[in-house]
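Numbering (our numbering), first residue to last: 28 to 304.
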Ligand SMILES: C[S@@+](CC[C@H](N)C(=O)[O-])C[C@H]1O[C@@H](n2cnc3c(N)ncnc32)[C@H](O)[C@@H]1O
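Laid out in structure tokens, this is it:
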């Protein structure tokens, strides 16, 4: 997989399929000829149902962390969720902002936006909005968000420096982000890297943890911190779709290399005079 627009089209197609399935089918059935991307997600998914504001209709089991739990969202905040899917993190964020705040979900899959809007309508929320758009060119004006969250999405975006530059642009000075994602601490077997299902399932598209943190720092963020780190173990039956029994044994005997992280960063307020900063 190489060309960025081809990658994006493949990702959009996969998530359209998922958005058009019902939740039960999503959690149980196989959606591809070899393996199922949702099956890969189920390994990564964290427990949402304990969070206030959780809406099961919006939970397609596509996340890999709980960014809203760490995002320090306050009443009245404007929160932007990048790659909002069916709105799972937006509705949890809405519980934190209350009626006086605003939550905007961004996604480039029409069927996801449609599903998220239906969920918001059912909940009768008029301060939760879903906008169609690409994270590499977020349809939001500069210096607008208090908090940016995102759950298992940035790894799918081909131009990550551009995506984090966009996060920096839309945050207010003094604002911050809390983003959950999949990263690596070693090399994945070539056949996993080349599998479209594993790409859409956020494994093959993950980059090295150090590179990920470097991109964030180069975008201008300060006080970068890992808020959570959890190893992701892919079961043998999924690996066997891509690797021989022998290769699976070698892979499983090595140190774990796939992690779910939740990372935090601040866009610091600019210096306002000789006595400040
Ligand atoms: C793994 S799912 C996560 C959905 C949601 N965050 C959740 O936890 O339920 C990835 C989502 O990101 C969206 N996405 C991927 N790349 C994107 C991009 N470049 N711009 C906007 N949305 C994107 C997909 O359409 C999909 O809805």
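The beta-carbon is built from N, C-alpha and C at its ideal position, and this holds for glycine as well.
Since this is a predicted model, take the numbers as computed values, not measurements.
Near ligand 1: residue i beta-carbon under 7 Å from a heavy atom
| i | result |
| --- | --- |
| residue 193 | no |
| residue 139 | yes |
| residue 163 | yes |
| residue 103 | no |
| residue 233 | no |
| residue 120 | no |
| residue 81 | no |
| residue 115 | yes |
| residue 184 | yes |
| residue 35 | yes |
| residue 237 | no |
| residue 286 | no |
| residue 142 | no |
| residue 135 | yes |
| residue 93 | no |
| residue 39 | yes |
Same chain, Cβ closer than 6 Å to residue i, five either side skipped, listed in chain order
| i | result |
| --- | --- |
| residue 292 | 204, 243, 248, 251 |
| residue 167 | 197 |
| residue 212 | 236, 284 |
| residue 74 | none |
| residue 263 | 275 |
| residue 239 | 210 |
| residue 233 | 182, 209, 210, 211 |
| residue 225 | 219, 231 |
Cβ shell of residue i (< 8 Å), same chain only, five flanking positions each side left out
| i | result |
| --- | --- |
| residue 143 | 85, 111, 112, 113, 114, 117, 132, 134, 157 |
| residue 31 | 185, 186 |
| residue 97 | 205, 254, 255, 289, 291 |
| residue 126 | 154 |
| residue 146 | 82, 84, 85, 113, 114, 118 |
| residue 60 | Because residue 60 sits at a pLDDT of 32, beneath the cut-off of 50, its placement in the model cannot be relied upon, and the point is left open. |
| residue 149 | 84 |
| residue 286 | 209, 210, 211, 212, 236, 256, 257, 258, 259 |
Same chain only: Cβ atoms within 7 Å of residue i, ignoring 5 sequence neighbours per side
| i | result |
| --- | --- |
| residue 138 | 43, 46, 47 |
| residue 218 | 269, 270 |
| residue 22 | Here the chain comprises residues numbered 28 to 304, so residue 22 is not present and cannot be evaluated. |
Closest by C-alpha distance to residue i, when choosing among the options
| i | options | result |
| --- | --- | --- |
| residue 295 | 263, 246, 287 | 246 |
| residue 195 | 273, 109, 72 | 109 |
| residue 229 | 124, 207, 176 | 207 |
| residue 120 | 160, 78, 49 | 78 |
| residue 175 | 151, 99, 272, 233 | 99 |
| residue 170 | 107, 280, 263, 181 | 107 |
| residue 214 | 75, 177, 281 | 281 |
| residue 141 | 130, 124, 159, 122 | 159 |
| residue 189 | 101, 91, 41, 162 | 162 |
Counting only runs of 4+ residues fully inside the region 72 to 102, write out the alpha helix (DSSP H) ranges in chain order.
Counting whole runs of 4 or more residues, the region 72 to 102 contains the alpha helix (DSSP H) stretches 94 to 97.
Can you list, in chain order, the stretches of the beta strand (DSSP E) that have 3 or more residues and sit fully within the region 157 to 216?
172 to 178, 198 to 211, all fully within the region 157 to 216.
Residue ranges of each alpha helix (DSSP H) within the region 257 to 298, 4 or longer
Complete alpha helix (DSSP H) runs here, min 4: 263 to 266, 272 to 280.
Which whole runs of the beta strand (DSSP E) in the region 103 to 166 are 3 residues long or more, in chain order?
Entirely contained in the region 103 to 166, the beta strand (DSSP E) runs reaching 3 residues are, in chain order, 105 to 109, 129 to 134, 155 to 159.
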